[in-house]
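Protein chains in written order, with this note's numbering: chain F, 216 to 486; chain E, 216 to 486.
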């Protein structure tokens, strides 16, 4: 099954939430620290309780790479715990010259076997093309991010009247001949989302920033509903996986993702 | 010794070459394939023959990450082979929201103990600040890269009359209050280098693109000489480490880096 097909099945069943497994040993419930591999145990329980309700798991490589080779081993073992029908996103934000991006594509798509990745667009077409050659995978290019620094460059105006992030969206649409391109659009930019959602034609959209960063879930769903597009994934990390610090943290995450799914459904089907 | 001090000593002794240890098992001499760890053996020999002449070793993480945890172990063991007085650059091109960039900074500066890193500027200040908090390290932000795709966004004109890459350089200078910022400027952009080198005040410049990508070493040195700046590092990877496919590949790399050092010196001291 291709990444696009996996995602389509989840979206059709009303699942739009990507669970961010950005697992930080300093933030997991204390009782897990007595486990041999606390991070892996935490991920295992979160997956066990949420996989039926999740559209996707997004794993940020930084949280694993920080422990070097041992961390990447835990990343790999976490990926093996995720059921095949749930989309896996390697939130890697890579981007390099073609020769090197090719190595990153081998790493993320062949070694770790992610279904999808996130990429920096700054270096242009040949820096992302090695990823796009994997037709059955999805590549999300950063357009407008959820952080304050998005105003430093992404929101700068070009002399053609467009903002830089709009230019990125426009180029990514040109690169989407295989239908395997997406963009990252921070949910904290509600105004820009409303103004630009009509231009996302054909692209799958990954929206971080709901939860700890303050973006509105309802705002996101309303924008896509207005534009009659359903190819969107809302990532929630900290506000979901750290919902409880007690033994019941798995159950708490399950209740939270069910509640998030319900909130999406209410806005989508209302009126 | 801080990264800045290490680099300063090398530059003062006329060493401006960064050796790119982008080691690809498909490109190393065939006789090494009988070794237990061919990539590590190759790196060991290249380092042994070149460390007296190199200003820096630049390791691109993609070439190691592609083998997952085993690859990162080889990266770590390669770093342990590099003498303490030679600057190590983790060519990682990272950049994420603050919370995550902090994890990458821990990975690159604390776990792997690189002296310097390369970063994507696209997401703005808070995406690079966790790295800049390490005062004794160097952070090179991508300004104008050496690849064809640099024309997709980096060379776009903003409505303030500047090109995007010039805006990046200007912002990086604002972020350089601790003196630990640098930029990446592709040597293939000789015209842009000549036009902009005077604006690099205070920044250390890493220039990839000489060798396999076609940039001119003499052109780079002339530009910096004209602007009376000596804080530049020219990276050479494939054209140096794969100079020979025979048993003498270490010696061939040594002759090549000596020749590169001489070519820098000739232009620098001429006329």
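We treat Cβ as the ideally placed atom computed from N, Cα and C, and that holds for glycine.
Closest option to residue 233 (chain E), judged by alpha-carbon separation, among E:440, E:427, E:422 and E:340: E:422. A direct Cα-Cα distance of roughly 13 Å separates residue 325 (chain E) from residue 303 (chain E). By the criterion of at least three beta-carbon pairs nearer than 8 Å, the segment 326-335 of chain E is in contact with the segment 299-316 of chain E. Interface annotation, residue 226 (chain F): not in contact with chain E, CB-CB separation never under 8 Å. Minimum Cα-Cα distance from residue 386 (chain E) among the listed residues E:341, E:350, E:218 and E:219 corresponds to E:341.
Under the three-state reduction of DSSP output, residue 436 (chain F) falls in the helix class. Against chain E, the CB of residue 285 (chain F) has a partner CB under 8 Å away; the residue lies at that interface. For residue 281 (chain F), the neighbours in chain E by C-beta distance under 7 Å run, in chain order, 318, 321, 322 and 326. Judged by their CB atoms, residue 231 (chain F) and residue 415 (chain F) are not nearer to each other than the 8 Å cut-off. In the three-state DSSP reduction, residue 278 (chain F) falls in the helix class (H, G or I). In this structure, residue 290 (chain E) keeps its C-beta atom at 8 Å or more from the C-beta atom of residue 346 (chain E).
Considered as a whole, the segment 301-352 of chain E harbours 313-320 and 340-347 as its complete alpha helix (DSSP H) runs of no fewer than 4 residues, in chain order. Counted as a single uninterrupted DSSP element, the alpha helix (DSSP H) harbouring residue 380 (chain E) occupies residues 379-389. Using beta-carbon distances, residue 371 (chain F) counts as an interface residue toward chain E, with a partner under 8 Å.
Residue-level contact by beta carbon fails for residue 296 (chain E) and chain F, as no gap is shorter than 8 Å.
Partner residues in a beta bridge of residue 469 (chain F), as assigned by DSSP, do not exist. Residue 218 (chain F) and residue 480 (chain E) have their C-alpha atoms roughly 53 Å apart. Taking 8 Å as the cut-off, the beta carbon of residue 449 (chain E) is found closer than this to the beta carbon of residue 425 (chain E). DSSP lists F:397 as the beta-bridge partner residues of residue 419 (chain F). The criterion of a C-beta distance shorter than 8 Å is satisfied by residue 236 (chain F) and residue 274 (chain F).
If you look at residue 450 (chain E), you'll find it in the beta strand (DSSP E) that goes 447-451.
Under the three-pair Cβ rule at 8 Å, the segment 363-380 of chain E does not count as touching the segment 347-363 of chain F. Assignment of residue 456 (chain E) by DSSP, reduced to helix, strand and coil, places it in the helix class.
Secondary structure at residue 406 (chain F): helix, using DSSP grouped into helix, strand and coil.
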